[in-house]
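Heads up: the sequence shown at position 47 corresponds to 54 in this note's numbering, and the numbers run straight through without jumps. Glycine included, C-beta positions come from ideal geometry on N, C-alpha and C. Predicted model only: the values in this text are computed from it and were never measured. Here is the structure we will look at, set down as structure tokens.
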Amino acid sequence: MSTPTATSSVQAVPEKQANRVRMASFGALTMLVIQFVLGAAYSLYGTAPTSTKSISMFSSPLLDAHVIMGILLIITAIMLVVRAVQAKLAAVIATSVVGLLAILGAFGAGSDFIKAGANGPSLGMAIATAVAMLCYAATLVILGRPGKGA
């Protein structure tokens with residue numbers, strides 16, 4: 008008698024595909040943590056824009072790293088959606104698409120923030136980042152530990 012497990016829905020997916028999605032999700036989650044730290048550091052030590060003076064997207068080393076990491080995150084999130092679609096796992100496709108949308112939302116909020124420095128876009132970046140982190144963490148839970156799937 009066998010007991011159904013949380014990874015039973017992943018069993019139809021070859022382990023190689025599941026591992027690729029798992030590692031991409033872990034990479035995206037790691038990048039998001041770094042991105043969050045860069046954003047917090049810039050918030051504390053960078054020059055914030057005001058309603059009368061916007062800032063350039065590349066106006067300081069911290070902001071440079073933050074913007075470049077954001078672009079890399081968008082590319083990573085797109086690749087993760089493609090890998091999830093190839094693996095044909097509906098739950099992972101959903102978390103990957105929502106994660107991509109959250110990253111795009113954070114990028115949009117960041118673009119708004121550098122124009123006027125308002126609190127709303129800053130909060131929007133933080134919330135969107137948290138949503139994306141949750142999506143990629145959920146993907147790791149859905150896929151389970153390596154070797155436990157197929």
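Nearest-angstrom Cα distance between Pro153 and Val44? The residue given as residue 153 occupies position 146 in the sequence shown. The residue given as residue 44 occupies position 37 in the sequence shown. In a straight line, the C-alpha of Pro153 is about 28 Å away from that of Val44.
Please check the pair Ala145 and Pro56, which I expect to be a contact at CB under 8 Å, by giving their CB distance rounded to whole angstroms. As a working note, residue 145 is residue 138 in the sequence shown. As a working note, residue 56 is residue 49 in the sequence shown. So it is not a contact: roughly 34 Å between Cβ atoms.
Is the distance from the Cβ of Leu111 to the Cβ of Ile81 below 8 Å? Walking along the sequence shown from the start, residue 111 turns up at place 104. Walking along the sequence shown from the start, residue 81 turns up at place 74. It is a contact, given that the beta carbons lie within the stated cut-off.
Look at the Cβ atom of Gly117, then the Cβ atom of Tyr143, and state whether they are nearer than 8 Å. For the purposes of this step, residue 117 is taken as the residue at position 110 of the sequence shown. For the purposes of this step, residue 143 is taken as the residue at position 136 of the sequence shown. No, the pair does not count as a contact, with Cβ atoms beyond the cut-off.
Kindly indicate the opening and closing residues of the alpha helix (DSSP H) around Leu6. Any property of residue 6 remains undetermined from this structure, which presents the chain solely from 8 to 157.
Measure from the alpha carbon of Gln234 to the alpha carbon of each residue in Leu96, Asp71, Gln42, Gly46, then state which is nearest. With the chain running from 8 to 157 in the structure shown, residue 234 is simply not present.
Roughly how far, in whole angstroms, is the beta-carbon of Met86 from the beta-carbon of Ile41, given that I think they are within contact range, below 8 Å? Taking the sequence shown and counting its residues from 1, the one referred to as residue 86 is at position 79. Taking the sequence shown and counting its residues from 1, the one referred to as residue 41 is at position 34. Rounded, the Cβ-Cβ distance is 17 Å, inconsistent with contact.
What residue from Ala72, Asn26, Leu147 has the CA that sits closest to Ala48's CA? The residue you call residue 48 lines up with position 41 of the sequence shown. Ranking Ala72, Asn26, Leu147 by Cα distance to Ala48 puts Ala72 first.
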